[in-house]
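Number of protein chains: 4
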Amino acid sequence: MIKVLVAGFKGKMGATATKMVLDHEDFELVGVLDPFEEKNHLNELAEYKGSDVPIFKNKKEVVSVKPDVWIDFTIPAVAYENTRFAIENHISPVVGTTGLTEEQLSELTTLSKELKVGGLIAPNFAVGAVLMMQFAQKAAAYFPDVEIIELHHDNKLDAPSGTALKTAEMMSEVRQKKTQGHQEEKELLAGARGADFDGMKIHSVRLPGLIAHQQVQFGGVGEGLTIRHDSYDRSSFMTGVALGCEKVIHLDKLVYGLENLL
Amino acid sequence: MIKVLVAGFKGKMGATATKMVLDHEDFELVGVLDPFEEKNHLNELAEYKGSDVPIFKNKKEVVSVKPDVWIDFTIPAVAYENTRFAIENHISPVVGTTGLTEEQLSELTTLSKELKVGGLIAPNFAVGAVLMMQFAQKAAAYFPDVEIIELHHDNKLDAPSGTALKTAEMMSEVRQKKTQGHQEEKELLAGARGADFDGMKIHSVRLPGLIAHQQVQFGGVGEGLTIRHDSYDRSSFMTGVALGCEKVIHLDKLVYGLENLL
Amino acid sequence: MIKVLVAGFKGKMGATATKMVLDHEDFELVGVLDPFEEKNHLNELAEYKGSDVPIFKNKKEVVSVKPDVWIDFTIPAVAYENTRFAIENHISPVVGTTGLTEEQLSELTTLSKELKVGGLIAPNFAVGAVLMMQFAQKAAAYFPDVEIIELHHDNKLDAPSGTALKTAEMMSEVRQKKTQGHQEEKELLAGARGADFDGMKIHSVRLPGLIAHQQVQFGGVGEGLTIRHDSYDRSSFMTGVALGCEKVIHLDKLVYGLENLL
Amino acid sequence: MIKVLVAGFKGKMGATATKMVLDHEDFELVGVLDPFEEKNHLNELAEYKGSDVPIFKNKKEVVSVKPDVWIDFTIPAVAYENTRFAIENHISPVVGTTGLTEEQLSELTTLSKELKVGGLIAPNFAVGAVLMMQFAQKAAAYFPDVEIIELHHDNKLDAPSGTALKTAEMMSEVRQKKTQGHQEEKELLAGARGADFDGMKIHSVRLPGLIAHQQVQFGGVGEGLTIRHDSYDRSSFMTGVALGCEKVIHLDKLVYGLENLL
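Residue numbers (our numbering), protein chains in the order written: chain A, 3 to 264; chain B, 3 to 264; chain C, 3 to 264; chain D, 3 to 264.
And the structure:
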């Protein structure tokens, strides 16, 4: 059993993480942390009936329950202090809080190496999305002909999506340069062939009902290879948080980005 | 058994049609027509061993075998004369030759009505493609949010495809006007949101390996409806030719377009 | 503006319908009905701030606001009485309550014809799902080779889904009988070729993350036609309720099943 | 420029390989080998006008043109002798001939190590199919919930396909054991839930029009990941042969299976 603490357990992400830890058969929730919570135990809160877990107000108290892993979904200023504290106390941090500065990341990484404490800071915990990007990058080395179709709900303002752009960048690092399509192709209606990114095409579909989907489609002589990720709701990041908790205790330094654990 | 004659049996389409008629259990091939063929019977040609069917050089000879249906894959000038002759002789024409003029079509239709002879002239015999367009049109009456993704091999010069434009036109006739996507959406890369057709979006994908594919994707609150047609090779039009042969003998005039038989 | 009343406005479906009516630019909510609600106006309830709409306790009071349409999401016993009352008062019912008996349906239909009052009773208001089934049925007349792949979350107990079975039944009515696949095909692992329904194959996929999806896939010589419906959440039925409200006022009798309005 | 020889240049695969080498800008075709061909140069054959390349009748003559790579699409008995001869003469073999015995493979591998000659023997050169299997295996380590849908033309006798079984085996090596679907799920029609392979489900679709397609579909909380390969015709293997030619000259032994080069 891996002993886990959750800091920021009252926020949306932190609450979901707390429930995941409670439900996971390999994890034991040894405490949660929130300086502004008045109750002393989780089971005093309506949604946690039956979970006799201490609520700490001060991070120094946490050491008493000897956590192996410190999950952090707080705010940037707090996350930096928390992560530093966790490493100093040989607790492996798994941090989903975004907004840490380059300097902070660099300093925390150095500290983790000195103390040989494993940890993970990740802006994105969606395992499926990370695998999609890794697979797309690998395939792009063999199939330079590729187009991205990303599909989102119609309240999204930007096109293409950040994930599409990141995928295209990753493929661009390994892909043989070429401009796809026939050299003399013509758009009868402007925009039909999509956006151009380094010779690859990106198409953004926006429809009500959709959530967040991306399809990376490769073509070769007589064959096609397609990699698709569908995100149906925000709970999808929990597979990645659980994976992080299992992996960090075997590391000897802090890593940045879930992709480095896959 | 429906008695069928094939005019233009030596061309690519005509040859495929000839084989289809020979293989179809409800059809009897009673003759083929080509003014420049020297042999007298199909079985004298290498690819038709065992098919003892007369080859006619002159269309007037055709009447002797009393065909019910006249399949025509010739050239425009010949097709017009052939179709006129067929109607006058109460043989139902199924014409895949393209290039007849409006005047010719109008005149042939009038003649067919006078003589009460059914027939079909169609630029496109792909049943699946026609159904896709009909379904898309019907769905567009209920779901105004729709995008077309059409995918073709990378030797195609034009984007969007003719089928995509025709589908969009058909949907436009019944669709409640609206511009899809968020009113303030922004393209970070030009073309990401595709081509605009009357507020609908069309995306053209071009990749080696692909043949001819189209996906019409509708979105509504909490749901999606997708209609897709895949064309893998040119043989796909034969389902439509066979259907035409079965239907025309029950009609009392010439119709234009396979969609009017479905 | 169509004047709408909602009976059963406090249940899950009724509450969603109430919000839909409030948001729809062609509808005016003229009242809601619940015999056990103590408040007198919607705006006295937390979730309806700003909606000054009367809450009726007794269905007889409803007449005073002259609704055109009566949406009903109550319970069977109540729904029968409500629908009868609505018809007698020339208010067109749109009923989503399930469980009415054959006798009740028959009696209500007769009454509606006598009084020439349009109405709709439907067990399923998902427009996209109904269109998918209609399109599948139409295509099955031309393409006897068809397989259904239905995909649901992994808490679903039954396989195939009710929608898959209904779709297969509808296709079976028009499809030329045939057993798909090669006559000598062999299953190396039992079940690989799926369930058999009248010669057609049905495959049930169950995975976490999925909600409710169905793909009807047709094959012909050189081509394929696919019709897919994705249901992402329960709100998807509201498109159908709104459609029902718009259509019933132009009918002169009660119809059963949304498919009869499409 | 890599100098390439093709043995078995008159067979279907060998002829396609010969054309690929002639067209590829990084390859020079220095000769072809066939003991029974009477002509002396490729350009004496109708389909190779303009290609002044020697046709060798005896493998010993090949050494004179100093090939770097020896492509072999012959028959097993010949392929073994050819591969042995190539290695002994420090020419890297790329062998697509199937049917070599375990002993032969083992002996050739040992020889290649002694002489430090790189080479490739592969039963399957479809890069896309190999990548699909590799990606599926990697994803199965994180997503134990997975189903395979494989789709083929309706002349295929066996279900599931060999590729589906191989994919399932590869996933099984790394996947956390579990039986998918609800523990109490019931098949209303036998076979609906597909074939079982170690707790995973496999569904085989057979339709006219299709060629060879496979979709590996993973589900996790709130998300899905899908990997799909479409094979449209047999030319798809040439991407892999070209890749083999580029890679083997940098190896110092014979490898078996294209997957070991990706």
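Glycine is no exception: its CB is placed at the ideal position from the N, C-alpha and C atoms.
Since the model is a prediction, treat every value here as computed from it, not as a measurement.
- Using a CB distance below 7 Å, the part of the stretch 216 to 247 of chain A facing chain C consists of Tyr234, ordered along the chain.
- When C-beta atoms of the stretch 208 to 225 of chain B are compared with those of the stretch 228 to 245 of chain D, three or more pairs fall below 8 Å, so the two segments count as touching.
- 8 Å or more divides the Cβ of Val32(B) from the Cβ of Val80(B).
- Sorting Ala161(B), Glu187(B), Pro95(B) and Asn157(B) by C-alpha distance to the C-alpha of Lys118(B) places Pro95(B) at the top.
- Under the criterion of beta carbons closer than 8 Å, Leu102(C) and Leu256(C) do not qualify as touching, at roughly 11 Å.
- In the DSSP assignment, Val148(B) falls within the unbroken beta strand (DSSP E) covering Val148 to His154.
- In terms of beta-carbon proximity, Phe29(A) stays away from the interface with chain D, with every pair separated by 8 Å or more.
- Taking C-alpha positions only, Gly221(C) is separated from Met173(C) by approximately 14 Å.
- At a cut-off of 8 Å between beta-carbon atoms, Ile151(C) makes no contact with chain A.
- The beta-carbon of Ala141(C) is placed less than 8 Å from the nearest beta-carbon of chain B.
- The C-alpha of Gly183(A) is placed about 45 Å away from the C-alpha of Lys62(D).
- At a cut-off of 8 Å, the C-beta of Gly211(A) has no neighbouring C-beta in chain D.
- Rounded to whole angstroms, the Cβ separation of Ala141(A) and Gln216(A) is 14 Å, and the two are not in contact under 8 Å.
- Annotation: Met15(C) has no Cβ neighbours in chain B at a cutoff of 9 Å; minimum Cβ distance is about 13 Å.
- Note that the C-beta distance between Cys247(D) and Ile4(D) is below 8 Å.
- The straight-line gap separating the alpha-carbon atoms of Arg86(D) and Ser163(C) is approximately 58 Å.
- Collapsing the DSSP output to three states places Arg86(C) in a helix.
- The way I'd put it, the stretch 188 to 195 of chain B doesn't touch the stretch 193 to 203 of chain C; fewer than three beta-carbon pairs between them come closer than 8 Å.
- Under the DSSP assignment, Ala142(C) falls in the alpha helix (DSSP H) whose first and last residues are Val129 to Ala142.
- Taking 8 Å as the CB threshold, Phe11(D) stays off the interface with chain C.
- Using a CB distance cut-off of 8 Å, Phe75(A) does not count as an interface residue toward chain B.
- In this structure the stretch 136 to 150 of chain C does not touch the stretch 11 to 26 of chain D; the number of beta carbon pairs closer than 8 Å is below three.
- With its beta carbon at least 8 Å from every one in chain B, Ala81(A) lies outside the interface.
- Going by DSSP, Val218(B) is part of the beta strand (DSSP E) stretching over Ala214 to Gly222.
- Taking the Cα positions, Met240(A) is about 26 Å away from Glu171(A).
- Inclusion of Leu113(D) and Val97(D) in the CB contact set at 8 Å is not warranted, their separation being larger than that value.
- Within the stretch 111 to 129 of chain A, those residues whose Cβ lies closer than 9 Å to any Cβ of chain D are, in chain order, Ala128 and Val129.
- With fewer than 16 other CB atoms across the displayed protein chains lying within 10 angstroms of its CB, Ser108(D) is exposed.
- Asn45(B) and Leu227(C) have their alpha carbons spaced roughly 37 Å apart.
- Secondary-structure assignment with DSSP links Arg177(A) through no beta bridge to anything.
- In the structure shown, Gly246(A) falls within a helical segment according to DSSP collapsed to helix, strand and coil.
- Annotation: Asp200(D) has no Cβ neighbours in chain C at a cutoff of 7 Å; minimum Cβ distance is about 11 Å.
- Bridge partners of Lys5(A) according to DSSP: Glu30(A).
- The three-state reading of DSSP puts Pro95(B) in strand, counting E and B together.
- Looking at the backbone, the Cα of Leu47(C) and that of Gln139(C) are separated by about 46 Å.
- In this structure, DSSP gives Asp54(A) a state outside helix and strand, which the three-state scheme calls coil.
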